[in-house]
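In mature numbering (1 follows the signal peptide of the UniProt record, and there is no 0), the protein residues as written are -21 to -1, 1 to 54.
Structure (structure tokens):
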């Protein structure tokens, strides 16, 4: 019974810490990873991914911001 609880807890953690933009956003470019220097244009946030993170994966939004996947790639 204890092993089953551990498996369920681990599964829930994996689901909650996965994030929408990281999964569906594709490869993260260097532009997305690097914080803009003063005077450079700010990175744009993927609004749909942010909303999906807040609704479905709310703790996973931290992962998207940490990896830079939440930001749009440079066009």
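In this text, a Cβ means the ideal position worked out from N, Cα and C, and glycines have one as well.
Three-state class that DSSP yields for residue i in the structure shown
i          : result
residue 7  : coil
residue 44 : helix
Local Cβ density within 10 Å of residue i, reported as buried at 16 or more and exposed below that
i           : result
residue 36  : buried
residue 49  : buried
residue 42  : buried
residue 28  : buried
residue 5   : exposed
residue -11 : exposed
Counterpart residues of residue i in DSSP-defined beta bridges
i          : result
residue 24 : 50
Whole-Å CB distance - residue i paired with residue j, under 8 angstroms assumed
i          : j          : result
residue -1 : residue 25 : 6 angstroms
residue 46 : residue -8 : Between residue -8 and residue 46 the Cβ distance is about 16 angstroms, and since that is not below 8 angstroms, they are no contact.
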